[in-house]
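Student: Per this note's numbering, the very first residue in the sequence shown carries number 15; after that it's consecutive.
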Amino acid sequence: MNRRPLFARLLYTFSIPIIAVWLLVAGGLNLVVPQLETVVKGHAKSFLPDEASSVQAIVKMGDSFGGAGTNNFVYVLLEGDTPLGGDAHRYYTALLDRLTKDKTHVNSAMDLWSNPDFSPASESADGKAAYVLLNLAGNMGTALAMESTQAARDIIADYPPPHGITVHLTGPSAVVNDELLAINDSMLLLIVMCAGLVGVVLLCVYRSPITVAMPLLTVGMGLAVARPVVAYLGEHQVIGVSIFASALLAVIVLGAGTNYGIFLLGRYQEARRAGQDPETAYYTALHGVLHIIIASGLTVAGATACMSFTRLAIFSTSGLPCTIAVSVTLAAALTLGPALLALGSRLGFLEPRAQSSQRRWRRIATAVVRWPGPVLVASIAVLVVAILVLPTFRPSFNERIAQPSDSLANQGIAAADRHLPPNILSPSMFLIESDHDLRNPADLIALAKVTNAVMKVPGVSGVQGITRPLNAPLEQGSLTAQAGYIGNRFTQLKSMLTPRLDDLTTLAGRIDQLNLTIKGLETALNTGQQGFGQVNSSAAALQADVAGVVDKLNSLRDTAGPARQFVSSIPNCQDISACKAALTGFSLFDDADRVDGSVDGLVDGLRNASQALPQLATQVDSLKGFLAQVKGLLAPLQGTLDVLLPQVNDMTQFLEEVGKGFSAGSPDDFFFLPSQAFDSPLFKSALPFFFSADGKVTRMIVTPQMEGFSREAMDLSAQIIPTALTAMKGTSLAGSTVSIGGPGGTLLNIEAFVREDFITSLVAAFAFVFCVVLILLRSLVAAIAVIGTVALSYLSALGLTVLVWQHIVGNPLHWSVAPVSFIFLVAVGADYNMLLVSRFKEELGAGINTGIIRSMVNTGGVVTTAGLVFGVTMFAMLVSYAHNIAQIGTTVGIGLFLDTLIVRSFVVPAIAALAGRWFWWPINIYRLPRTPKAEPVRPPVIYGPLSVRRYERQPATTALRQEP
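Okay, here's the thing in structure tokens:
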């Protein structure tokens, strides 16, 4: 008793306190620490690393067009039973106002539907659907992103639409967020199903609830402690956590922890069957499997830890949580498991029942060591047949089919597909960043060239940019359209000039008439000039005669002065007719001077008039010369117009034909907008949507014809950047930076990261597991065989999973399946091979072939049970709402079944039998002590053609070899 290990004796002695401590720790941690799902929702990491090019593209767009620059883009979609009318517009405006007021969760909105000029770009052809693009806070997959998505949905739920209208929040980021929520929502169901199936399998094997309780309590306590430990570390940001990690953690703990309990329980029952007392069997079990459990736990913990070196959050955030959980489970398997075994053995529980499988395993083992070559070839052939399916493997990047079809995001996309062009809600955001302001005609021509080049890429259904703001070429945005415009102007000019030509003809006729009139005026002036000469002569004679008369009247007035005074002095002269007549006669003398002055004035006026007539004749001569010049000018002008108008007509017809012909044929190839277009209200309203505030960054929305989450869409996105760079050569955009975001660019980044991460985890996990196996077995060849067969079972499992999911179900494997399944199978699959090969080494003292037979007989039932339990645990992942979780479970489950039933049962023993002593190189097996292990005496039995009698005749004993 004193020679027994101290650790085993302490566990045996303090079994009850150890059980109590685990119960207290599990209960206390779950009371104090928040549940893991709660922590994950608050601290989930980004779906893509920040340095991903698609993330950087969106960050640039956010910096340039407003918002926080996250890749969390969603669409609010309105769907009506009838065409959306005024009620829908009013509701849309109010809803958008509510959403944009939530600055915590909504960064910006690209509202085109509110603008009558641009509303067709955001509305279905039947008028029953319209949408707006929102940029939400938090990068896709993060806790803030999921919170923002839920906040937007809550706002929509709190403000119900009018009757007949349904509102959806969907889009690429909503799809990813809903996928993670599907994983989270199925966690409880997943754990319950895994535990239930494990319990059923164990109950079928052991047929004792108490025996089944031993491994289940161990794994239950491991999970109950591991979850709050991971939650605590995640809450304090010591490690990264994610919903994906939460699901994987639960499954791997349930499977691996149950295996450890089965290993311990199986070795204990083997010792009891060999006749050992319960206490001795307890120590034998610990001595036989604790090192295997430690090695297994290290391989699983180390392999999952290798995932922390990856860059994708879905992998990197799963590594350390799984490692910590497996480490906690390993601690439970090394302490709580033995404590439960000790307690159960003292109480008389956990006793083995009759096991008929040993005979079956003896037959299998005998066949393997007798015909190792054919067995190995046949076994590998079965695995290779499954591997032959792998060349058809096409990983799926479609996050829509990785979640239930009735998820909220999928419902929204289905609604969009009913009314809008395909994939309109899964576009790529293409950015061009220059070192100068692009808002000028020259750069618009270059942008049109890039837009047209992208539009011609096979698979592109539409490009929306400044040169195509409504997803179609601008009617006025081409040289051909400008030519048509000029042609219209020429038509207007012709219509104006034709009547003016007629006016010129009329004017020429009027000038001829005016010439005739001037000639008549000239004749009249000559005649008038002669008449004025005669009048001047008569006026001069009249002036002389009047002057003589005036002189005589003045002389007479002076003579008659006394008489006038006398007559004037007669009283009442006005009453006397004679007197009054005398006064009147005397008054004539007073008017004589006025008559003389008037005659002088008349003579002067006639003289001036006769002098002006020659000047007027001169002016008439000048007028005749001017009219002659005008008539001389009108004749060539009229002749020029007669020739010009037919030419204008020809030009008009040509320009109209150019405009109509190229508009109908290839309108995009001749883009041109004059600088005056920037003053257009329509163009001004489009600038903020497609240009940054400084004009140095422009964006385009590229819509694929195929499913946005597809291999074809990824290939399409990969062509856009080189196509754009080629189109920019030799233009004013040469040297500009281009980038692409959205589903296509994101999936391209994911594919690149998955490839890098897979290689990283493959090398790291293989290296780590190989080192652990090498240290355990001390044999290079054996370690290579263990690792090589695990890789073989992985490839076969992946091939069968491809056959089932891709070719039969029609749902290709999610891109995360192959890397995660590899980590699981390498870590867990090596356990069974290590247990078997370690037992080979333990039995070498009886000879190589005999040792192989004994090892397979004694471990066959245990390993098969462990493999079936872990495989069933993996298959329980089929209940997950997320299809990628179900596919991972399928792959790992098939791999474990293959590893258990074929690799462990046939391939590894056949390799060991064929290699013989070289299987243990560099160990010299002949130097090992040959102390064959005794088995109870059994009657010789013949099974079919194979006699195993010689392997059953061993010295009788009731106890196994004791520890030194």
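Note that beta-carbon positions come from the ideal geometry of N, C-alpha and C, so glycine has one too.
In this text, all values refer to a predicted model and were calculated from it rather than measured experimentally.
Quick check on the burial criterion: 16 or more other C-beta atoms within 10 angstroms. Buried or exposed for E284?
Tutor: So E284 counts as buried.
Student: Here's the rule: buried if 16 or more other CB atoms are within 10 angstroms of the residue's CB, otherwise exposed. What is F4?
Tutor: The first residue shown for the chain is 15 and the last is 978, placing residue 4 beyond what the model contains.
Student: Evaluate E413 with the Cβ neighbour count: other Cβ atoms within 10 Å of its Cβ, from every protein chain shown; 16 or more gives buried, anything less gives exposed.
Tutor: buried
Student: Rounded to the nearest angstrom, what separates G758 and L397 at their Cα positions?
Tutor: 36 Å
Student: With a 10 Å radius around its C-beta and 16 neighbouring C-beta atoms as the bar for buried, classify G210 as buried or exposed.
Tutor: When all chains shown are included, G210 counts as exposed.
Student: Given this structure, state the Cα-to-Cα distance separating R23 from L344, to the nearest angstrom.
Tutor: 19 Å
Student: With a CB to CB cut of under 7 Å and the five nearest residues on each side skipped, what residues in its chain are close to A900?
Tutor: M891, L892, S894
Student: Which residue or residues does DSSP assign as beta-bridge partners of A144?
Tutor: Answer is L92, E137, bridged to A144.
Student: Assuming N85 is part of the alpha helix (DSSP H), what are its boundary residues?
Tutor: Where N85 is concerned, there is no enclosing alpha helix (DSSP H), because DSSP gives it neither an H nor an E.
Student: Are the Cβ atoms of T84 and G76 separated by less than 8 Å?
Tutor: yes
Student: Taking the alpha-carbon of S128 as reference, which of E137, V120, N121, Y296 has the nearest alpha-carbon?
Tutor: E137
Student: Between A346 and the rest of its own chain, which residues show a CB-CB distance below 6 Å, the 5 nearest in sequence each way excluded?
Tutor: T232, M235, G236
Student: Would you grab the beta carbon distance between A416 and A805 for me? Rounded to a whole angstrom, and I think it's under 8 Å.
Tutor: About 26 Å; that fails the 8 Å criterion.
Student: Cα separation between V464 and D116?
Tutor: 37 Å
Student: Look at the Cβ atom of T717, then the Cβ atom of T815, and state whether they are nearer than 8 Å.
Tutor: no
Student: Reducing DSSP to helix, strand and coil, say where N149 ends up.
Tutor: strand
Student: Run through DSSP, which three-state label would I590 get?
Tutor: The DSSP-derived three-state label of I590 is coil.
Student: Let me check one thing: in DSSP terms, what residues is P718 bridge-paired to?
Tutor: Answer by DSSP bridge pairing, in chain order: V474.
Student: Look up A270 in the DSSP assignment and say whether it is helix, strand or coil.
Tutor: helix
Student: Alpha helix (DSSP H) containing D728: first to last residue?
Tutor: Note that residue 728 is Met in the sequence shown, not Asp. First-last of the alpha helix (DSSP H) with M728: 725 to 742.
Student: Out of I862, F132, M742, R918, which one is the CA nearest neighbour of L458?
Tutor: M742
Student: Does the beta-carbon distance from L156 to A844 come in below 8 Å?
Tutor: Looking at the sequence itself, residue 156 is Thr, so the reference to Leu does not match. Going by C-beta atoms, T156 is not nearer than 8 Å to A844.
Student: For T760, which residues from the same chain have a beta carbon less than 6 Å from its beta carbon, with the 5 sequence-adjacent residues on both sides left out?
Tutor: S68
Student: Ignoring anything shorter than 4 residues or poking outside the stretch 827 to 861, list the alpha helix (DSSP H) runs there in chain order.
Tutor: 831 to 856
Student: Starting from V800, trace the alpha helix (DSSP H) both ways and give me its first and last residue.
Tutor: 794 to 815
Student: Let me confirm a value: W36 is counted as buried when at least 16 other C-beta atoms fall within 10 Å, else exposed. Which label applies?
Tutor: Per the 10 Å Cβ criterion, buried.
Student: Our contact map puts A299 next to L278 with C-beta atoms below 8 Å; I'd like the distance itself, whole angstroms only.
Tutor: 6 Å
Student: Check whether the stretch 345 to 360 and the stretch 794 to 812 touch, using three or more Cβ-Cβ pairs below 8 Å as the test.
Tutor: no
Student: For I30, collect the residues of the same chain with a Cβ closer than 7 Å to its Cβ; drop the 5 residues on either side in sequence, then sort them by chain order.
Tutor: L357
Student: State the DSSP-derived secondary structure class of S421, mapped to helix, strand or coil.
Tutor: coil
Student: Check for me: the alpha helix (DSSP H) holding I899 runs from which residue to which?
Tutor: 897 to 912
Student: Reducing DSSP to helix, strand and coil, say where M443 ends up.
Tutor: strand
Student: Between the stretch 268 to 277 and the stretch 878 to 886, can you find at least three pairs of beta-carbon atoms closer than 8 Å?
Tutor: yes
Student: Tell me the rounded alpha-carbon separation between A227 and V214.
Tutor: 11 Å
Student: Could you tell me which residues DSSP puts in a beta bridge with M124?
Tutor: Under DSSP, M124 takes part in a beta bridge, and its partners are L147.
Student: Can you tell me whether DSSP reads F703 as helix, strand or coil?
Tutor: helix
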